[in-house]
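The structure under discussion appears below in the form of structure tokens.
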């Protein structure tokens with residue numbers, strides 16, 4: 022079942038001579054109350070508004086000035102830019118399996134002591 026909601030742009034505030042967008046409000050298409058003069062009985066496919074409060078308010082202001090130096094070479098060290106290769110994933114999985122096997126062997130001795138891991 023799909024999640025989310027269908028959106029519509031409620032308003033866009035523009036400023037200046039060039040009418041540059043400043044902010045925008047995106048709402049659910051079921052927002053507001055019914056305003057049609059045609060009754061629901063006469064409509065073939067009535068649209069019902071539920072006064073839905075879901076909305077997204079966007080402020081369209083971009084500031085690219087940083088208070089710190091930005092180096093493109095250092096970007097690969099940021100945590101959000103790190104990716105794990107399939108090789109590293111397999112190595113970690115093998116290590117996890119080996120650790121769980123060592124624990125099972127240690128518990129199987131029966132004397133309550135674990136086997137010393139090297």
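In my numbering, the protein residues as written are 22 to 139.
Note that beta-carbon positions come from the ideal geometry of N, C-alpha and C, so glycine has one too.
Using a 10 angstroms sphere on the CB of residue 94, the tally of other CB atoms stays under 16, which defines it as exposed. Using a Cβ-Cβ distance cut-off of 8 Å, the region 71 to 85 and the region 101 to 115 are not in contact, since fewer than three pairs of beta carbons, one from each stretch, lie closer than that value. Within the same chain, Cβ atoms closer than 8 Å to the Cβ of residue 34 are found at 42, 43, 44, 45, the five residues on either side in sequence being excluded. Assigned with DSSP and collapsed to three states, residue 112 falls in helix.
Each residue's CA atom was taken as its position, placing residue 49 and residue 120 some 50 Å apart. By DSSP's assignment, residue 41 forms a beta bridge with 36. Note on geometry: alpha-carbon atoms of residue 79 and residue 36 lie some 15 Å from one another. By the beta-carbon neighbour count (other beta carbons within 10 angstroms, threshold 16), residue 52 is buried.
Note on geometry: alpha-carbon atoms of residue 91 and residue 105 lie some 24 Å from one another.
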